[in-house]
Amino acid sequence: MKKNQNFTQSAFLPTTRAEMDALGWDYCDVILVSGDAYIDSPFIGVAMVGRMLERLGYKVGMIGQPDITCMDDIGRLGEPRLYWGVSGGSVDSMVSNYTATKKFRNSDDYTPGGKNDKRPDRAALVYCNLIRRFFKKTVPIVLGGIEASLRRTTHYDYWSNKLRKPILFDAKADILIYGMGEIAIEELTYALDKKRNWKDIRGICYISKEPNYEFHQLPSHADCLKEKEKYIDLFDLFYDNNDPITAKGLCEEVDGRYLIQNPPCDHLDEKEMDANSALPFTRELHPYYAKMGDVKCLETIKFSIMTHHGCWGECNFCAIGVHQGRTIRTRSEKSILKEAKDFNAYKNYKGIISDVGGPTANMYGYECDKKLKKGTCDHMRCVDAERLCKVMKVDHSRNINLLRQVRQVEGVRKAFVASGVRYDFITADKQHGYTYLKEMVKHHISGQMKVAPEHTQQHVLELMGKPGKQTLVDFKKLYDKLNREEGKKQFLTYYLIAAHPGCQERDMHELKRFTTDELKMNPEQAQVFTPTPSTYSAVMYYTELDPKTRKKIFVEKDTKRKEKQKAIVVKKESFKSGFAS
Numbered sequence: 000m001k002k003n004q005n006f007t008q009s010a011f012l013p014t015t016r017a018e019m020d021a022l023g024w025d026y027c028d029v030i031l032v033s034g035d036a037y038i039d040s041p042f043i044g045v046a047m048v049g050r051m052l053e054r055l056g057y058k059v060g061m062i063g064q065p066d067i068t069c070m071d072d073i074g075r076l077g078e079p080r081l082y083w084g085v086s087g088g089s090v091d092s093m094v095s096n097y098t099a100t101k102k103f104r105n106s107d108d109y110t111p112g113g114k115n116d117k118r119p120d121r122a123a124l125v126y127c128n129l130i131r132r133f134f135k136k137t138v139p140i141v142l143g144g145i146e147a148s149l150r151r152t153t154h155y156d157y158w159s160n161k162l163r164k165p166i167l168f169d170a171k172a173d174i175l176i177y178g179m180g181e182i183a184i185e186e187l188t189y190a191l192d193k194k195r196n197w198k199d200i201r202g203i204c205y206i207s208k209e210p211n212y213e214f215h216q217l218p219s220h221a222d223c224l225k226e227k228e229k230y231i232d233l234f235d236l237f238y239d240n241n242d243p244i245t246a247k248g249l250c251e252e253v254d255g256r257y258l259i260q261n262p263p264c265d266h267l268d269e270k271e272m273d274a275n276s277a278l279p280f281t282r283e284l285h286p287y288y289a290k291m292g293d294v295k296c297l298e299t300i301k302f303s304i305m306t307h308h309g310c311w312g313e314c315n316f317c318a319i320g321v322h323q324g325r326t327i328r329t330r331s332e333k334s335i336l337k338e339a340k341d342f343n344a345y346k347n348y349k350g351i352i353s354d355v356g357g358p359t360a361n362m363y364g365y366e367c368d369k370k371l372k373k374g375t376c377d378h379m380r381c382v383d384a385e386r387l388c389k390v391m392k393v394d395h396s397r398n399i400n401l402l403r404q405v406r407q408v409e410g411v412r413k414a415f416v417a418s419g420v421r422y423d424f425i426t427a428d429k430q431h432g433y434t435y436l437k438e439m440v441k442h443h444i445s446g447q448m449k450v451a452p453e454h455t456q457q458h459v460l461e462l463m464g465k466p467g468k469q470t471l472v473d474f475k476k477l478y479d480k481l482n483r484e485e486g487k488k489q490f491l492t493y494y495l496i497a498a499h500p501g502c503q504e505r506d507m508h509e510l511k512r513f514t515t516d517e518l519k520m521n522p523e524q525a526q527v528f529t530p531t532p533s534t535y536s537a538v539m540y541y542t543e544l545d546p547k548t549r550k551k552i553f554v555e556k557d558t559k560r561k562e563k564q565k566a567i568v569v570k571k572e573s574f575k576s577g578f579a580s
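Numbered continuously in numbering that gives the first Met the number 0, the sequence shown closes out at residue 580.
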């Protein structure tokens, strides 16, 4: 296949007036504003939205990381005909800007040059205010992306240490699209274009003067401020109504007005997933931003393949299940293999695919038949600290076959699986788990495999929603055995969390003892817990209660003692570490 000697600037969506002029555009239908520089990749949400709307025939402009002190950036494409689409970026701006101990981060993987000097705190709010400042009576502003999606109802904000209102009440925006929202985006754009009523579109939120009594009535924002258990009640209802099949709409009173959250939009099917993956992404940083420096994220996403969306792992500290959904939507093997082959068109492609995976790599290719027909179960998880649901039949066979086919694609020298892998699913799959791990060890690991036990103390694992430590011990024995058989010295890297609700210093000492005595290693990947919006762990952190039992739990809130918990487990021990011990 002939190498592309670099995509021309016109292959991107326009981000300057000169590019609009070159295309013969007098205006844009939609202008997308993001906390990231304009990276034209299927892994970047606003880029995906832009390409989807382009396919429908709309003129879409992109403004990344606008200067918030003047009109120069936000005004350079003029005013859109239909709406402004605003996103804080690929990462919540507060998570992007601050560590778990609230120290400012100096680097940003989505900013040219890598220096964190372009993304404002609470970027979604700031960009809406910026638009309103310079375009007084403009077209609607539509919020989207993970920052808005996870803050759409009353939520605990770690950085201000308080409950904040739904983001629409703080942002000067008109509509919010939550979750992945692919179908909602298309339907809303069409409705605004045709001047039709959009308030019944699934997957959106808006503010109303009147309540919707057909929807679930959430505790009011004022009630949540008065009583912490009311906030747990709110979050339970919020969490249980995220599945397109089972969910009802939500209504929350805030200072005499009402947040209306329509039921979620449908998930994409395989054909629709394939169609979006085939959109004409350049997989490059736009030249306007490239002159300012490289973006680090392209090192990992440029030649990576997203195989599916969704995750039903439901770790309590993770919001993927709320944002992407708890039902797996897969791409076809044909689509994935074509993407792998198309990498040959890039002159800097060396035959190395950085990742073939998704939120959890080994969820590709299977789902619970009951869930697909009836939606997620009410108050029952597919997996928790004690068990994997018997109805969920873990099956790695399709994933195995996919990886074997990817290795055979013309030009592929190596295809890594760098996404997270649930080791408990491998041990649970008695028919194909062994073969899957053998394939991984032999072909798809770059020296080390990343796993995330997070902790080893049972009461902490239960609050995290993670499996027991014996599963990790069993997995490590199998992993070491396969490495010996292959004559390889590949290691396991363990992600661990300090200061999660329920965790005390004595628990970290026990975790350290386990890693030293059982795993024969010194952890290097421990991190202090960050309470991010729309997670049960953040609810625990704020309320200091177990959401299930409503009983008091210990929560470490002192920054120095949080750092001490981390220091306990990462402290270097003098012991003889051996491979596959």
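Beta carbons: idealized from backbone N, C-alpha and C, even for Gly.
Below 8 Å on the Cβ atoms is my guess for G292 versus G113; work out the distance and round it to an integer in Å.
With a contact defined as Cβ atoms closer than 8 Å, G292 and G113 qualify at about 7 Å.
Which of helix, strand or coil does DSSP assign to T188?
The DSSP-derived three-state label of T188 is helix.
In terms of residue numbering, what span does the beta strand (DSSP E) encompassing I327 cover?
Going by DSSP, I327 is part of no beta strand (DSSP E) at all; its letter is neither H nor E.
The segment 448-464 touching the segment 499-509, judged by at least three CB pairs closer than 8 Å
Contact between the segment 448-464 and the segment 499-509 is established, with three or more Cβ pairs separated by less than 8 Å.
Could you check if R325 is buried or exposed, using at least 16 other CB atoms within 10 Å of its CB as the buried criterion?
Burial call: buried.
Going residue by residue through the segment 306-390, where are the continuous beta strand (DSSP E) segments of at least 3 residues, counting only ones entirely within it?
Counting only runs of 3 or more, we get 354-356.
Across which residues does DSSP place T590 in a beta bridge pair?
What is shown of the chain runs 0 to 580, which leaves residue 590 out entirely.
In angstroms, rounded to a whole number, what distance separates the CA positions of S162 and N347?
For the record, residue 162 in the displayed sequence is Leu; it is not Ser. Those two C-alpha atoms are separated by around 47 Å.
With DSSP run on the structure shown, which of helix, strand or coil describes Y205?
Strand.
Assigned exposure category for V390 - 16 Cβ within 10 Å defines buried:
An exposed status is given to V390, since fewer than 16 other beta-carbon atoms sit within 10 Å of its beta-carbon.
E283 burial status per 10 Å Cβ neighbour count (16 or more: buried)
With a 10 Å radius around the Cβ and a threshold of 16 neighbouring Cβ atoms, E283 comes out buried.
Are three or more beta carbon pairs between the segment 221-229 and the segment 255-267 nearer than 8 Å?
No contact exists between the segment 221-229 and the segment 255-267.
Name, in chain order, the residues that DSSP records as bridge partners for D156.
D156 is bridged to K161.
Inspect the beta-carbon positions of P139 and Y82 and report whether they are closer than 7 Å.
Yes. Within cutoff.
Cβ-based neighbour list, Y57, same chain, cut-off 7 Å, excluding 5 preceding and 5 following:
For Y57, where only same-chain residues beyond five positions count, the Cβ hits under 7 Å are D28, V29, T188.
Using the Cβ count rule (16 or more neighbours within 10 Å means buried), how would you classify C250?
Buried is the call here.
Taking contact to mean 3 or more Cβ pairs, one atom from each stretch, closer than 8 Å, check whether the segment 351-368 and the segment 265-279 are in contact.
Not touching, per the Cβ criterion.
Within its chain, find whatever has a CB closer than 7 Å to the CB of H591; leave out the 5 residues flanking it on each side and keep chain order.
Absent from the model: residue 591. The displayed extent of the chain is 0 to 580, so no value can be given.
Quick check on the DSSP output: what are the complete alpha helix (DSSP H) runs of length 4 or more inside the segment 76-164, in order along the chain?
If we require 4 residues or more, the alpha helix (DSSP H) runs fully inside the segment 76-164 come out as 92-96, 122-133, 145-148.
E252 - DSSP class collapsed to helix/strand/coil
Secondary structure of E252 (DSSP, three-state): strand.
In whole angstroms, give me the CA-to-CA distance for C317 and P466.
C317 and P466: Cα-Cα distance of roughly 15 Å.
Length of the line joining the Cα atoms of Y494 and Y422:
One C-alpha to the other measures close to 13 Å.
Assuming L129 contacts P65 under a Cβ cut-off of 8 Å, what Cβ separation, rounded to an integer in Å, is found between them?
Yes, L129 and P65 are in contact; Cβ-Cβ is about 7 Å, under 8 Å.
Note down, in chain order, each residue of its chain lying with its Cβ closer than 8 Å to the Cβ of R406, except the 5 sequence neighbours on either side.
Annotation for R406: A414, H442 place their beta carbon closer than 8 Å to its own, counting only its chain and skipping 5 residues before and after.
Range of the contiguous alpha helix (DSSP H) that encloses L31
That residue, L31, is in no alpha helix (DSSP H); its beta strand (DSSP E) goes 29-33.
Would you please state the rounded distance, in angstroms, between the beta carbons of D383 and G309? I believe it to be under 8 Å.
At roughly 18 Å, the Cβ-Cβ gap does not stay under 8 Å, so D383 and G309 are not in contact.
DSSP state of H215, grouped into three classes?
DSSP places H215 within a strand segment (E or B) once states are collapsed to three.
Which residue's Cα is closest to the Cα of K369: K437, C381, M362, A360?
Considering only alpha carbons, the answer is C381.
Can you tell me whether D116 is buried or exposed, with buried defined as 16 or more other CB within 10 angstroms of its CB?
D116 is exposed by the Cβ-count criterion.
Contact between the segment 274-282 and the segment 234-251 (3+ Cβ pairs under 8 Å):
Judged by Cβ distances under 8 Å, the segment 274-282 makes no contact with the segment 234-251, as fewer than three pairs qualify.
Quick check: the segment 556-574 against the segment 527-547, are there 3 or more CB pairs under 8 Å?
The segment 556-574 is in contact with the segment 527-547.
Does DSSP put M61 in a helix, in a strand, or in coil?
It is a strand residue.
Give the C-beta separation of G629 and N398 to the nearest angstrom, bearing in mind that I take them to be a contact with Cβ-Cβ under 8 Å.
The displayed coordinates of the chain run from 0 to 580. Any statement about residue 629 would go beyond what the structure contains.
Residue range of the alpha helix (DSSP H) that includes V472
DSSP places V472 inside the alpha helix (DSSP H), whose first and last residues are 468-485.
Close Cβ partners of G44 (< 7 Å) along its chain, the five nearest in sequence each way excluded:
For G44, where only same-chain residues beyond five positions count, the Cβ hits under 7 Å are S86, S89, G144.
Is it true that the segment 95-106 meets the segment 48-55, where meeting means three or more beta-carbon pairs spaced less than 8 Å apart?
The answer is no - the segment 48-55 does not touch the segment 95-106, with fewer than three Cβ pairs under 8 Å.
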